[in-house]
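Heads up, the sequence shown is in the numbering used here, so the first residue is 1334 and it goes up one at a time. First the structure, in the form of structure tokens, and then the observations on it.
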Amino acid sequence: MTRVQSSFDKSLKAVGPRMLNASQWGICCPSDTPEGESVGLIKNLAVLAQISVNQDINIVHKLLFCLGVEDLQLVDYSFSNIYQVFLNGAAVGIHSNPQYLVDQLRHLRRKGKINYMTSIYLEQSSKTINIACDAGRPCRPLILIGKNNKSLVEADDIKKVISKEIAVTDLIKQGKMELIDVNEESNLHIALSALDLDYAKYTHMELSPMSMYGVVASLVPFPHHNQSPRNSFQCAMGKQALGLPNLNVNNRFDTIVFQLLYPQRPLVSSKITRYSTHYMNIPAGQNSIVAVTSFSGYDIEDAIIMNRASCDRGYGRVSVLKCIDAEIDQEMQDSLAGKPLGMSEQQQQIQSKFTPEQYADNNTHVSHSDPFKQTGEYFKNPSKTRLQDSFKRYHAIDNDGLAKIGSKIEDGDVVVNRFNIASQSSSPISAKLPNQEHAIVSRVLIAQSTNKILVKTMTRETRPPYYGDKFSSRHGQKGTVGLIVNQSDMPFSPITGMVPDQIMNPHGFPSRMTIGKMLELLCGKQAVQLGKGADGSLFQESKVKEVCGGLLERGFNYHGKDILMSGLTGMPCRSYVFEGPIYYQRLKHMVNDKMHARSTGPKQFLTRQPLEGRAKDGGLRLGEMEKDCFIAYGTAALLNERMVYSSDEFLVYLCEECGIIGYEGWCQVCKSGARMVKVRMPYAAKLMSQELMAMGILMRVEVK
């Protein structure tokens, strides 16, 4: 975990606690923070930052007295050059030569005699020497500079780290690097790069300017060319990108899993992405050929136009795995033996069905009916009467009461059929699939806990890109699918015949200022020609001229533009089109999980208004601002239909004489039913009237 969360109240609008302090360089990522009221209060560690752990302070305590620290009782304040020595915040003694003590302790730390996470810093203003061995201190590695003002880490060491022959911790143990916390940094003179060593004397040097970013922000190519908020947006959306969630996804039974079926390595990546993370082995996106041009009106406001043939070939295709749980009690006892009945040792083992091939010889699962029948509940296939009544719901159930591997199910289909011996009734477990989708039964797991027998049914649903699904590049530019076009109607290159996978509106660049996205397209275009990945690391020397010159040498336009032919007219497009590969991420926000509509449905018990929320099949709320718009336009009939008729319309008996709600045509106040009339009003208004009466406030209604 790399999250650092402040205890400051996020509802307060104070700016100070949310700012990034200069001392947090290399410790906290400047971009990876959420939007909204938590901005700046939740930070993430930089890619090389580490948190210290507890150490044995007895060794350091004894060592201090060996290096000349004297007991506090011997303090003589007549000496001006006396420095107090603190160990983990507790005073342990005094020393008259502070620089000697600090130098000796740092020398021992570099030799590995004391823990490499020990912090030693001298504070001249308070005349104290502080040694910290406690846990919870953020530290970061720095390269040591020798007496000749040269780095102790040589080029061979860097090659060995890149090839993973050695690790950074090995260089720390060799005394070429050391972990420094924020307090000790105040005693050091740190160079940003090797170029600075030619102009001044330094004690340490940064490993790389890239170390200022966190892991997620380091995935962005050319982040120093983007507007700062765009990098923060990508830090949030990069965590929502779909890829391969874990390597053992086929052996897990998580509640819901999104899995990108064809993930690809990015053509343009940073050094941290390649060497410090496993992103290249488990990526979360795909390289897409993007044409930056306007195509119809379905690409406004960052909407994406996609090639239908690309979607059919697997671009952006996601597998959604959902787990449906069922259980039966195993607490009933055998009335004859008087002992709890369990399963045999062989049956107690976890039994799993993974593939249909295991059951190719027979159409039934391994029978578990005998041990289950000894309990109060067991799994069984439905009776013939029930099958005749609703065969479609039970078509996936096998003879053992569980779903068949490979069977196709829809919303409401039964996947587990439980039978209770006492009540002689079934209690089936059904699948819930939104928007008339269908799924395949992928796996079934049977396991036994202390008093329960658990059955987990894993269903698999494949989703290609659809209108409204959310995609994002690695530069914080998100967009939804606005149109999916046949390949025959898409623009194409007359030279290569290549058709772009996506079309992006060029108006997305001026206001977002994501120049890094343009550079990614250019470098990706050259990477395809060279057959190797391009480097998009932070604060590297600009290679735009070199990349553009390389494109020109290979017969492409210097600026990365191509001539495209219109698939609709067959004529050349009126302008050059900026086209090339960009790495796109598919996010977990999909229309199938959010689309909702309702006519009639469940209501609240108290107010008789529609329930709220998609999960409850609730209604869509008409808010205050919508209501104000209806009033401004004078739509009285629409207001009445939305607020009363389609919500909580209720007929009440109202007395024209006293204006009080009566009961069954009788006024309790006037003791008469002569002037009772039926009136339509919202049930919430009637409820409010009754609650006010309970508070001693009588509300009268004037009938006109």
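Cβ coordinates follow ideal geometry from the N, Cα and C atoms, glycine included.
Residue i: first and last residue of the uninterrupted alpha helix (DSSP H) it sits in
i       : result
Ile1622 : No alpha helix (DSSP H) holds Ile1622; the beta strand (DSSP E) holding it covers Gln1619 to Val1625.
Ser1541 : No alpha helix (DSSP H) contains Ser1541, which DSSP labels as neither H nor E.
Ile1505 : Val1501 to Lys1506
Ile1392 : Ile1390 to Cys1399
Rounded straight-line distance, which links the Cα of residue j to that of residue i
i       : j       : result
Gln1406 : Ser1484 : 43 Å
Tyr2016 : Leu1984 : 8 Å
Gln1417 : Met1613 : 51 Å
Gln1937 : Ser1603 : 54 Å
Met1545 : Asn1463 : 26 Å
Lys1878 : Val1625 : 21 Å
Cys1466 : Glu1539 : 23 Å
Ser1685 : Val1653 : Any reading at Ser1685 must be qualified, since the residue scores a pLDDT of 41, below 50, and its modelled position is unreliable; no value is offered.
Met1958 : Ile1964 : 10 Å
Ala1867 : Val1601 : 5 Å
Cys1568 : Asp1365 : 5 Å
Ser2022 : Thr1968 : 27 Å
Ala2007 : Met2032 : 21 Å
Gly1647 : Leu1594 : 8 Å
Gly1734 : Asn1784 : 20 Å
Lys1803 : His1440 : 55 Å
Asp1389 : Leu1512 : 18 Å
Thr1697 : Arg1598 : Since pLDDT at Thr1697 reaches only 37, below the 50 mark, its modelled position is unreliable, and no value is offered.
Ile1615 : Arg1807 : 16 Å
Asn1516 : Ile1495 : 30 Å
Ala1736 : Thr1790 : 8 Å
Thr1940 : Lys1960 : 20 Å
Lys1858 : Ala1764 : 46 Å
Gln1560 : Thr1847 : 6 Å
Met1477 : Ser1875 : In the sequence as displayed, the identity of residue 1477 is Leu instead of Met. Those two C-alpha atoms are separated by around 28 Å.
Met1851 : Leu1816 : 23 Å
Bounding residues of the beta strand (DSSP E) (the contiguous stretch that carries residue i)
i       : result
Phe1889 : Looking at the DSSP string, Phe1889 is not in any beta strand (DSSP E), and its letter there is neither H nor E.
Val1494 : From DSSP, Val1494 is part of no beta strand (DSSP E) but of the alpha helix (DSSP H) over Ala1488 to Ile1495.
Met1639 : Ile1637 to Asn1640
Ser1652 : Val1651 to Asp1662
Ile1589 : Ile1589 to Leu1593
Lys1803 : Lys1803 to Ser1806
Spatial neighbours of residue i in its chain, beta-carbon cut-off 8 Å, leaving aside the 5 residues before and after
i       : result
Glu2035 : Gly1992
Leu2025 : Leu2031 and Met2032
Met1831 : Ile1622 and Phe1825
Met1904 : Met1898
Asn1695 : Any answer about Asn1695 is weak, because its pLDDT of 36 lies below 50 and its placement is not dependable; what the coordinates show is given next. Hits under 8 Å: none found.
Lys1811 : Phe1566, Met1570, Asp1635, Lys1803, Phe1804, Ser1805 and Leu1920
Val1386 : Met1450 and Ala1468
Cross-strand partners of residue i (DSSP beta bridge)
i       : result
Cys1988 : Met2009
Asn1463 : Phe1419 and Tyr1454
Tyr1449 : DSSP output for Tyr1449 lists no bridge partner at all.
Leu1475 : Glu1511
Trp1999 : Tyr1996
Gly1952 : Glu1945
Arg1793 : Leu1654 and Ile1773
Asp1746 : In DSSP, Asp1746 forms no bridge with anything.
Tyr1916 : Asn1620
Gln1383 : Cys1472
Asn1377 : Arg1336
Met1904 : DSSP, once it has assigned bridges, lists no residue as partnering Met1904.
Neighbourhood of residue i by C-beta distance below 7 Å, restricted to the same chain and skipping five residues each side
i       : result
Val1337 : Cys1361, Lys1376, Asn1377 and Leu1378
Leu1901 : Asp1822
Phe1341 : Pro1350 and Leu1374
Pro1554 : Val1601, Ser1602, Ser1603, Arg1807, Gly1849, Glu1853 and Gly1869
Leu1504 : Val1486, Asp1490 and Met1510
Thr1610 : Val1548
Lys1927 : none
Residues of its chain near residue i, where Cβ-Cβ distance is below 6 Å and the 5 sequence neighbours each way are ignored
i       : result
Tyr1909 : Lys1894
Asp1744 : Leu1766
Gln1691 : Confidence in Gln1691 is poor, its pLDDT being 38 and thus under 50, which makes the residue's placement unreliable; the coordinate value appears in the next sentence. Cβ within range, chain order: n/a, list empty.
Leu1345 : none
Val2012 : Val1985 and Leu1987
Gly1995 : Tyr1986, Cys1988 and Met2009
Glu1403 : Gly1426 and Ile1427
Gln1835 : Ser1621, Val1623, Ile1637 and Met1639
Lys1655 : Ile1589 and Thr1792
Within-8 Å CB hit, residue i to chain C
i       : result
Leu1400 : This model lacks chain C altogether; it includes just one protein chain.
Continuous beta strand (DSSP E) assignments of at least 3 residues falling wholly in the segment 1813-1870: Taken in chain order, the complete beta strand (DSSP E) segments of 3 or more residues contained in the segment 1813-1870 are 1835-1837.
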